[in-house]
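Enquirer: Numbering (our numbering), first residue to last: 19 to 130. C-beta atoms are modelled at their ideal positions from N, C-alpha and C, and glycine is treated no differently. Note that the coordinates shown come from a computational prediction; the quantities given were computed from them, not determined experimentally. One structure coming up, written as structure tokens, with questions to follow.
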Ligand code: SF4
Ligand code: SF4
């Protein structure tokens, strides 16, 4: 599977929303919506909104990822990855990387 690394270092190609979009799979959309509702304590996710090809793609984007603070911060600096930032690693991204396995490694790899 090709990697599709988001601004923060997430591999969007591994995201269920990305997979549901690429495969146009409504049952995976439904399953993912219910899973995210529990994981993120965010009731009422509409499976029809789960369409995203990654935050560095030309779209579509999932609403939350489009508004993601790391993405907005990088965009303001005209960057597509935190790894390109002169302030990397800032406090916010250090915290995120400590919470989400693999993201730091993806950012470090992009820097080298
Ligand atoms: S940007 Fe899209 S593909 Fe990437 S993690 Fe967010 S929802 Fe998933
Ligand atoms: S300041 Fe932090 S969140 Fe913003 S682009 Fe730089 S590393 Fe990413």
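Within its chain, find whatever has a CB closer than 6 Å to the CB of residue 69; leave out the 5 residues flanking it on each side and keep chain order.
Expert: Locating residue 69 in the chain shown gives position 51, counting from the first residue. The answer, listed in chain order, is 39 and 78.
Enquirer: Give the range of the alpha helix (DSSP H) segment to which residue 76 is assigned.
Expert: As a first step, residue 76 must be located in the chain shown, where it is residue number 58. Looking at the DSSP string, residue 76 is not in any alpha helix (DSSP H), and its letter there is neither H nor E.
Enquirer: Return helix, strand or coil for residue 111, following the three-state DSSP convention.
Expert: As a first step, residue 111 must be located in the chain shown, where it is residue number 93. Residue 111: helix per DSSP, three-state reduction.
Enquirer: Can you check DSSP and say which residues form a bridge with residue 23?
Expert: As a position in the chain shown, residue 23 is number 5, starting the count at 1. Looking at the DSSP assignment, residue 23 forms a beta bridge with 29.
Enquirer: Taking 8 Å as the cut-off, does the stretch 20–36 touch the stretch 90–101 (at least 3 CB pairs, one atom from each stretch)?
Expert: The answer is yes - the stretch 20–36 touches the stretch 90–101, with three or more Cβ pairs under 8 Å.
Enquirer: Of the residues 74, 71 and 48, which one's Cα is nearest the Cα of residue 62?
Expert: Against the chain shown, residue 62 aligns to sequence position 44. Among 74, 71 and 48, the Cα nearest to that of residue 62 belongs to 48.
Enquirer: May I ask you to check if the CB of residue 95 is nearer than 7 Å to at least one heavy atom of ligand 2?
Expert: Start at 1 with the first residue of the chain shown, and residue 95 comes out as number 77. Yes, the beta carbon of residue 95 sits closer than 7 Å to at least one heavy atom of ligand 2.
Enquirer: Taking the beta carbon of residue 52 as the centre, do at least 16 other beta carbons fall within 10 Å, making it buried, or is it exposed?
Expert: Walking along the chain shown from the start, residue 52 turns up at place 34. It counts as exposed.
Enquirer: Tell me the DSSP secondary structure of residue 43 in three-state form.
Expert: One-based indexing of the chain shown puts residue 43 at position 25. It is coil, neither helix nor strand.
Enquirer: In the structure shown, what three-state DSSP assignment does residue 105 receive?
Expert: Looking up residue 105 in the chain shown gives position 87. Looking at residue 105 - three-state DSSP - the assignment turns out to be coil, as it is neither helix nor strand.
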